[in-house]
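A short worksheet on the structure shown next.
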Amino acid sequence: MNWRRFLGTDTLLPYLLLLPTLAYLLVFFLVPLGNAISLSFWGEEGFTAQHFLGMFQDVKFGEAIKNTFFLALSIVPLQLITALLLAMLVNTRFRGSKFFLYLYALPLGISDLAAGLVWLAIFTQHGYLNSILMALGLIERPIYFISYQNVGLTFLTIVLAEHWRATAIVLVILVAGLQMISRDYLEAAEVLGAKRWQKLWYVILPLLKPSLQSALIIRTIFALQMFAVAIALGGEIVPVLAGESYYWYSSYRNPHIASAYAVLLMAISLGMTWVYLRFLRTRPEVTRL
Amino acid sequence: MRSVKLILAAVLAVGLLAAGQEITWMSTQFVPIEEAEWVRNTLLPPFTQQTGIEVNFLGSEYAAFVDRLMAEHEAGQGTIDVICGLHGDFSSVLPTLADVSHLLPTIPGTLPPAMVELAQMGGIQAYIPLMQATYLMVINKAALDYLPEGVDIWALTYDDLLAWARNIYEATGEKKLGIPAGPGSLLHRFIHGYLYPSFTGYQVLAFDSGAAVRMWEFMQELWGYVNEAAPTWDAMDTPLLTGEVLIAWDHTARLKGAIVERPDDFIAIPSPAGPMGRGFITVLAGLGIPKTSPNPEAAAELIRYLTSPEAQVAILEGVGFFPVVEEAAGAVPPGALQILAAGVSAQAGSPDAIVSFIPGGISDEYKKIYRDTFTKFVIRGEPVDTEFLRQQATRLRELYLEAGAPYPAPDG
Amino acid sequence: MNFRVLRRQTWLYLGASLAAFWVLVPIVFTALAAFTPKQDFYLWPKPVVPRRFSLDTMRFFLNTHGVLNSLLNSVWVALMTLGLTLGVGAPAGYAMARFLFRGREAFRLGILVTRMFPTALLAIPITVNFIRWGLYDTLLGVALIHTAMALPFAVIITTGIFLGVSKELEEAAMTLGCSRLGAFARVALPLALPGLAAAAMFTFVISWNEVFAATILTVQNRTLPAQVLTMLRVSPLYFRFAGGFFMIMPALLFMFFIRRYLFHMWGGATAER
Numbered sequence: 001m002n003w004r005r006f007l008g009t010d011t012l013l014p015y016l017l018l019l020p021t022l023a024y025l026l027v028f029f030l031v032p033l034g035n036a037i038s039l040s041f042w043g044e045e046g047f048t049a050q051h052f053l054g055m056f057q058d059v060k061f062g063e064a065i066k067n068t069f070f071l072a073l074s075i076v077p078l079q080l081i082t083a084l085l086l087a088m089l090v091n092t093r094f095r096g097s098k099f100f101l102y103l104y105a106l107p108l109g110i111s112d113l114a115a116g117l118v119w120l121a122i123f124t125q126h127g128y129l130n131s132i133l134m135a136l137g138l139i140e141r142p143i144y145f146i147s148y149q150n151v152g153l154t155f156l157t158i159v160l161a162e163h164w165r166a167t168a169i170v171l172v173i174l175v176a177g178l179q180m181i182s183r184d185y186l187e188a189a190e191v192l193g194a195k196r197w198q199k200l201w202y203v204i205l206p207l208l209k210p211s212l213q214s215a216l217i218i219r220t221i222f223a224l225q226m227f228a229v230a231i232a233l234g235g236e237i238v239p240v241l242a243g244e245s246y247y248w249y250s251s252y253r254n255p256h257i258a259s260a261y262a263v264l265l266m267a268i269s270l271g272m273t274w275v276y277l278r279f280l281r282t283r284p285e286v287t288r289l
Numbered sequence: 001m002r003s004v005k006l007i008l009a010a011v012l013a014v015g016l017l018a019a020g021q022e023i024t025w026m027s028t029q030f031v032p033i034e035e036a037e038w039v040r041n042t043l044l045p046p047f048t049q050q051t052g053i054e055v056n057f058l059g060s061e062y063a064a065f066v067d068r069l070m071a072e073h074e075a076g077q078g079t080i081d082v083i084c085g086l087h088g089d090f091s092s093v094l095p096t097l098a099d100v101s102h103l104l105p106t107i108p109g110t111l112p113p114a115m116v117e118l119a120q121m122g123g124i125q126a127y128i129p130l131m132q133a134t135y136l137m138v139i140n141k142a143a144l145d146y147l148p149e150g151v152d153i154w155a156l157t158y159d160d161l162l163a164w165a166r167n168i169y170e171a172t173g174e175k176k177l178g179i180p181a182g183p184g185s186l187l188h189r190f191i192h193g194y195l196y197p198s199f200t201g202y203q204v205l206a207f208d209s210g211a212a213v214r215m216w217e218f219m220q221e222l223w224g225y226v227n228e229a230a231p232t233w234d235a236m237d238t239p240l241l242t243g244e245v246l247i248a249w250d251h252t253a254r255l256k257g258a259i260v261e262r263p264d265d266f267i268a269i270p271s272p273a274g275p276m277g278r279g280f281i282t283v284l285a286g287l288g289i290p291k292t293s294p295n296p297e298a299a300a301e302l303i304r305y306l307t308s309p310e311a312q313v314a315i316l317e318g319v320g321f322f323p324v325v326e327e328a329a330g331a332v333p334p335g336a337l338q339i340l341a342a343g344v345s346a347q348a349g350s351p352d353a354i355v356s357f358i359p360g361g362i363s364d365e366y367k368k369i370y371r372d373t374f375t376k377f378v379i380r381g382e383p384v385d386t387e388f389l390r391q392q393a394t395r396l397r398e399l400y401l402e403a404g405a406p407y408p409a410p411d412g
Numbered sequence: 001m002n003f004r005v006l007r008r009q010t011w012l013y014l015g016a017s018l019a020a021f022w023v024l025v026p027i028v029f030t031a032l033a034a035f036t037p038k039q040d041f042y043l044w045p046k047p048v049v050p051r052r053f054s055l056d057t058m059r060f061f062l063n064t065h066g067v068l069n070s071l072l073n074s075v076w077v078a079l080m081t082l083g084l085t086l087g088v089g090a091p092a093g094y095a096m097a098r099f100l101f102r103g104r105e106a107f108r109l110g111i112l113v114t115r116m117f118p119t120a121l122l123a124i125p126i127t128v129n130f131i132r133w134g135l136y137d138t139l140l141g142v143a144l145i146h147t148a149m150a151l152p153f154a155v156i157i158t159t160g161i162f163l164g165v166s167k168e169l170e171e172a173a174m175t176l177g178c179s180r181l182g183a184f185a186r187v188a189l190p191l192a193l194p195g196l197a198a199a200a201m202f203t204f205v206i207s208w209n210e211v212f213a214a215t216i217l218t219v220q221n222r223t224l225p226a227q228v229l230t231m232l233r234v235s236p237l238y239f240r241f242a243g244g245f246f247m248i249m250p251a252l253l254f255m256f257f258i259r260r261y262l263f264h265m266w267g268g269a270t271a272e273r
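Residue numbers (this note's numbering), protein chains in the order written: chain A, 1 to 289; chain B, 1 to 412; chain C, 1 to 273.
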């Protein structure tokens, strides 16, 4: 039985199978989304751009958009590199590699709320890191890792915490992708005398492209929405878009501007996803998304 | 799942038969677990014994409190029978509230008329006053070693505070002053109820005055001695306990944890005074009934119980909130809470007091106006820009105009 | 073993251990903190390994009103979410894996788009509807929202799982007289089961950790994170750590159970056989 005939007999079946998901998302996603989007464009006198103007004029808007971008741009590539290194390491199948893999995957189960809590306890002035540095005699006085005077360092603590929390998902996707690469290709490359980096660059990476694409898209979407960890460690020092949206809603009780922020976030996510799909093109059958 | 539900239903049914009614009390006060546990285990059982009404106490954050009441109101049916919140919390949920003026004659204690009047909003008696709280300073006794000569901590000024914090910094190299400036903090209260009245005499009218410019420049200087992590702090009890700060300002509920944990280490003192006087906020918390309350009668019963002089004294002794009914005035809490009470009394009785109220009935955006100005001039340290101050002042007045609300004391 | 191999091995284990250390340290800190006596929380400098252990913090946390109840609620919500998510999402995953059809790409992207909007803001319009439908403050209501959040992942993951199950086997069963459904039930499903179990656990974890929707949609029937969050800002440090510990531990346990299938989830199954 070939693909064509298969398709011919089952034209309707795939749509029927998709139906529950589509119906579900219609009720629980599209309808509320419509509500939220209309909140951002509608005022008392109908359609208005005033809420978006309000957002652009927000004192914290510029900083929030800058931080959100820089956080995503520094966290995601770092995660990709770490995960790729770890995935290659684990894929050598050394003794105990399965055990290590399990350890690396652990943060997958940890919520951002809990992660923020732990990392704050590490980086706060009288926290674990300063205690250890003091005990080792490396410093005489605690360092302010989280400080309005040192936004860069504060930013770094967020990058580290988020890297810790969310690299596992990238690792899992990449390991799964690596496992699907047939050994034959690698052996063929070895026979042809390829060096290690050549194998990586010309064989592994191209074959890993679908997995890389999945990981990139998923992580970028979530990095842009990062909230709990950034708030716990960055507070008012490193404001982010998702946080501003949340506070406009919960503290300042303006759902219109809150929605404008959320719509902007969605637009950015869509834009980034388009870029990834455009520049990391893969064959549809092998894409995992 | 089904069997569990059945069992639950059976338990509930038996419970209802035995106890009569169950009501849900949602509150933005008594939220810290120790307080909530105290409400459940100590404050409420006598009420249930007297009336047979079971109370399900539910601590809630401000945002969830407003969301839930608004959603229940919009849907036209509710689960919440009675609510407790601050004056400002009630003004945010005004459309959802039932008029409780008919309860006033039945309140067992004597409520001061000024408070009853304050609790009237939008043409109704929005809530029945329950208790008072304030914001003040708590200091670690270790900070006294660095107190500048001749300074009286019970009559501190902002200049004294600056000199004190500078002394500590010069002696230890550490910034030990604490102001809660995190996203979930009550920083806006510090700005509109403490700084502005102390430096300009008003919280709205002099927003962009010359005195305000001098105030922001003072804050820029003071900020140099504030712990650098302050913009991440929502409450000051933890930094006080860890020793990251020695002097801190915050709401009593957010400082109390430190005093209760280590009563021998801390003293509560009045907030500082500025050129115009000692600005501070008196917060009134109260009890109200949503229009959608399933059991308004039982809710009223609970309100009467909580405003009885005995319950009022119990609240002071148990969790340190000050009574509103005149019969309970003058009661002193035992133990650690006495330290807090001493500070509150000293602040309330200070000769140069400028009492501020929390704005009511206007958009919550006013908080952002104060906070954004702080972010710009203090956290980011940009030069004080009078043009920006003027814009913010205009916006602030617009908010009052739009809502038709009066300026709160000391302005109005 | 010659010298070069030995050196390579050493580097290998060194690197692997270093990464493991990085992952484990914060988890260990949380666990240690949860068993530290109250007073020791505020010591400075902090002893890296606590001087003494105590169950007081844990006991206090568990005895706090509503904590045990919310723990149970969390389990129920997560179980319902898991059932709903796989029930609704797995068929779509199967369709994505088996058929090339018009609109496939659009669906693929549409699924992704649902995760691009901050969920906290979506819970608000839903609240009003839930009150009308009688779902407000019910565990089912929370599970319904969690399902909406987990569904995109479920579709993506199950697509991977079914891609990993050979299509030829199913086709063979059909030529041997099995119906389409029979072939799926007897051939594809058993082979996909480990992967589906892993997907289920993953869904469980998503629900277990979700906090915003659960906070907004419930009054009395709180899940654990919602319960902890309400108390978080105004709770003493030791209480927060006990809460953190309780949120982390179950998640770690589930990771342990699914460790073997984790990679089936993302389609790594074929090569492993």
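Where a beta carbon is used, it is the ideal one built from N, C-alpha and C, also for glycine. It should be emphasised that the depicted structure is a prediction, and the values quoted were computed from it without experimental measurement.
Item	Value
Cβ-based burial, Val344/B [other Cβ within 10 Å; buried from 16]	buried
Thr124/A, buried or exposed, once every other Cβ within 10 Å from all chains shown has been counted against 16	buried
For Val203/A and Arg183/A, the rounded distance between their alpha carbons	11 Å
Contacting residues, own chain, Cβ-Cβ under 6 Å from Glu285/A (five flanking each side not counted)	Since pLDDT at Glu285/A reaches only 45, below the 50 mark, its modelled position is unreliable, and no value is offered.
Burial state of Thr10/C, where buried means 16 or more other Cβ atoms lie within 10 Å	exposed
Reduced DSSP category for Gln120/B - H, G, I as helix; E, B as strand; rest coil	strand
Neighbour list for Pro236/C in chain E, Cβ cutoff strictly below 9 Å	As a matter of chain content, chain E is missing from the structure shown, whose protein chains are A, B and C.
Coil, strand or helix - Val203/A by DSSP	helix
Buried or exposed by the 16-neighbour rule on C-beta atoms within 10 Å, applied to Gln50/B	exposed
Members of the region 137-165 of chain B that neighbour chain A once the beta carbon cut-off is set at 9 Å	none
Three CB pairs or more closer than 8 Å across the region 67-79 of chain A and the region 204-221 of chain C	no
Spatial neighbours of Leu241/B in its chain, beta-carbon cut-off 8 Å, leaving aside the 5 residues before and after	Gly257, Ala258, Glu261 and Arg262
Simplified DSSP assignment, three categories, for Pro47/C	coil
At least 3 beta-carbon pairs within less than 8 Å: the region 151-163 of chain C vs the region 105-115 of chain B	no
For Leu136/B, the three-state DSSP class (helix, strand or coil)	strand
Nearest-angstrom Cα separation, counted from Leu24/C out to Leu207/A	31 Å
Min CB distance Pro77/A to chain C below 8 Å	no
Short CB-CB distance (under 8 Å) between Thr270/C and chain A	Per-residue confidence for Thr270/C stands at a pLDDT of 40, beneath the threshold of 50, marking its modelled position as unreliable; the derived number appears in the next sentence. Interface residue, yes.
Any C-beta of chain B under 8 Å from that of Ile146/C	Checking the sequence, you will find His at residue 146/C rather than Ile. Closer than 8 Å: no.
Short CB-CB distance (under 8 Å) between Glu72/B and chain C	yes
Where Gly160/C falls: helix, strand or coil (DSSP)	helix
Near the ligand ZN: Leu53/A beta-carbon under 7 Å from a heavy atom	The ligand content of the structure shown is nil, which means the ligand ZN is not present either.
Cβ neighbour criterion (16 or more within 10 Å) applied to Pro383/B	exposed
Lys98/A burial status per 10 Å Cβ neighbour count (16 or more: buried)	exposed
Where Val59/A falls: helix, strand or coil (DSSP)	coil
Exposure of Phe279/A, with buried meaning 16 or more beta-carbon neighbours within 10 Å	exposed
Unbroken alpha helix (DSSP H) run spanning Phe53/C, endpoints	Element bounds for Phe53/C: n/a, residue is neither H nor E.
Contact set between Ala262/A and chain C, taken where Cβ atoms lie within less than 8 Å	Phe117, Pro118 and Leu121
Simplified DSSP assignment, three categories, for Val93/B	coil
Short CB-CB distance (under 8 Å) between Ala299/B and chain C	no
Selected residue, minimal CA-CA separation from Leu14/C, among Leu86/A, Phe41/A, Ser40/A and Leu178/A	Leu86/A
Short-range partners of chain A found in the region 52-84 of chain B, where Cβ spacing is below 9 Å	Glu61, Tyr62, Ala63, Ala64, Val66 and Asp67
For Val66/B and Val48/C, the rounded distance between their alpha carbons	42 Å
Chain B contact for Val219/C (CB, 8 Å cutoff)	yes
Test: Ser147/A CB closer than 8 Å to a CB of chain C	no
One or two residues paired with Asn425/B in a DSSP bridge	The requested residue 425/B is not part of the displayed model; chain B covers only 1 to 412.
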